[in-house]
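Taking our numbering, I'd label the letters of the sequence shown as residues 350 to 651. C-beta: ideal position from N, C-alpha, C; glycine also. Reading through the structure tokens given below for one structure.
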Amino acid sequence: MRDSAVRLGYLAETVRLLYPGPGAPRAYTLLPHAAVPRRLAPRRWWHLGSTVEVPVEGSIAAHLSDVFHRPVETVLHVRPALRANRKPILEARSGGRRLAFVKIGDSERARALITAEAAALRRLAGLSLRTVAAPAVLHHGEWRGLSVLALSPLPVRGRLRRGRVPRPLLLDAVKEIALTGGARPAWHGDLAPWNLCRSRDGRLLVWDWERYEVGVPYGFDAVHHFFQRALRRTAPPVAARACVARAARLLAPLGVSSPAARQTALRYLIALAERHAADGHAPLGPPESWLNPAVDHEELLI
Numbered sequence: 350m351r352d353s354a355v356r357l358g359y360l361a362e363t364v365r366l367l368y369p370g371p372g373a374p375r376a377y378t379l380l381p382h383a384a385v386p387r388r389l390a391p392r393r394w395w396h397l398g399s400t401v402e403v404p405v406e407g408s409i410a411a412h413l414s415d416v417f418h419r420p421v422e423t424v425l426h427v428r429p430a431l432r433a434n435r436k437p438i439l440e441a442r443s444g445g446r447r448l449a450f451v452k453i454g455d456s457e458r459a460r461a462l463i464t465a466e467a468a469a470l471r472r473l474a475g476l477s478l479r480t481v482a483a484p485a486v487l488h489h490g491e492w493r494g495l496s497v498l499a500l501s502p503l504p505v506r507g508r509l510r511r512g513r514v515p516r517p518l519l520l521d522a523v524k525e526i527a528l529t530g531g532a533r534p535a536w537h538g539d540l541a542p543w544n545l546c547r548s549r550d551g552r553l554l555v556w557d558w559e560r561y562e563v564g565v566p567y568g569f570d571a572v573h574h575f576f577q578r579a580l581r582r583t584a585p586p587v588a589a590r591a592c593v594a595r596a597a598r599l600l601a602p603l604g605v606s607s608p609a610a611r612q613t614a615l616r617y618l619i620a621l622a623e624r625h626a627a628d629g630h631a632p633l634g635p636p637e638s639w640l641n642p643a644v645d646h647e648e649l650l651i
């Protein structure tokens with residue numbers, strides 16, 4: 350099925366799920382907007398002036414109004430199709446100001462990830478972080494059997510977000526996140542380019558802490574960031590081999606020896622394959638196509 354068809358189907362399901370109040374909406378449509386892909390909302394004359402009528406009473410907007418003690422408007426984001434961690438994401442706004450980003454746990458997996466993120470962010474909130482800035486948990490609860498996690502917006506500016514994060518800042522963030530685990534190194538779990546941004550005050554804004562974990566090899570975040578950037582330029586098997594080949598150079602600034610660095614890269618790739626298996630999702634293809642070529646000849650290091 351085409352990506353656009355999957356997204357539109359999921360959008361329809363989500364609207365029915367989050368806006369089930371009395372009086373079903375007569376019509377709703379995607380309006381042309383710079384942030385909406387043309388394949389989902391082609392620019393057509395008949396979109397102009399179209400109305401979007403969604404019931405408010407009994408909806409997620411009404412629930413969030415109660416949570417924030419003020420009238421709340423919601424903007425629904427359409428997530429990429431068929432992702433293992435896909436879930437409805439809302440912007441909660443009031444008086445033209447963004448109050449929060451709201452994640453909705455509409456499946457068992459999504460609920461587990463939301464719970465994990467809430468716990469991670471509460472842990473971070475009790476620490477004095479100098480390099481990393483993370484969202485704050487504004488609300489974590491349930492509504493109509495769905496998990497609801499409202500997070501404070503980070504001060505992202507469009508121009509800053511598009512810029513590449515300086516490597517020294519990234520390495521400082523990797524070190525600081527690792528220290529949040531105490532004696533057992535921690536990692537963000539998805540420190541990819543699209544989950545971070547340099548702030549105006551020089552810190553690193555980092556969101557999507559659903560995969561945060563304590564007790565992993567030191568340097569996992571650095572390897573993950575390299576691997577995700579490599580995947581933008583090359584095929585998974587090549588990117589995986591590059592992780593192992595570049596591990597020593599990549600982790601040397603963190604004080605990791607060359608043999609330990611290669612072992613860390615291998616363990617990271619295996620952990621990622623295990624994550625995909627647990628999610629029931631194979632975005633890189635079957636492990637034998639991308640993991641095995643990088644790992645098989647390094648068995649003695651694992």
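Can you tell me which of the three DSSP states residue 701 falls into? With the chain represented from 350 up to 651, any question about residue 701 goes unanswered, as that position is not in the structure.
Using beta-carbon positions only, say whether residue 500 and residue 520 come within less than 8 angstroms of one another.
-> no
*Just mark residue 543 as buried or exposed, buried being the case when its beta carbon has 16 or more other beta carbons within 10 Å.*
exposed
| So does the stretch 572-579 actually touch the stretch 609-619, counting three or more Cβ pairs closer than 8 angstroms? | yes
Next item on the list: With a 10 Å radius around its C-beta and 16 neighbouring C-beta atoms as the bar for buried, classify residue 399 as buried or exposed.
Entry: Note that residue 399 scores 36 on pLDDT, short of 50, meaning its location in the model is unreliable; the coordinates nonetheless yield the value given after this. Under this definition residue 399 is an exposed residue.
Q. Taking the C-alpha atoms as reference points, what is the distance between residue 522 and residue 623?
A. 25 angstroms
Legend entry - Cβ distance (whole Å) where residue 555 is taken to contact residue 605 below 8 angstroms: Incorrect: roughly 21 angstroms between the Cβ atoms, too far for contact.
query = Excluding sequence positions up to five away, which residues of its chain have a Cβ less than 6 angstroms from the Cβ of residue 412?
reply = 492
Q.
Can you tell me where the alpha helix (DSSP H) holding residue 638 begins and where it ends?
A. 636-639
**Request:** Note down the Cα distance separating residue 652 from residue 530, rounded to an integer number of angstroms.
**Result:** As displayed, the chain neither begins before 350 nor continues past 651, which places residue 652 out of reach and without an answer.
**Prompt:** If we call anything under 8 angstroms between Cβ atoms a contact, is residue 437 one with residue 448?
**Reply:** no
What does the alpha-carbon distance come out to for the pair residue 443 and residue 409? 14 angstroms
Simplified DSSP state of residue 520, which is helix, strand or coil
helix
When the Cα of residue 515 is compared with those of 547, 561, 419 and 458, which residue comes out closest?
547
For this session: Give the secondary structure of residue 423 by DSSP, where H, G and I count as helix, E and B as strand, and everything else as coil.
Result: strand
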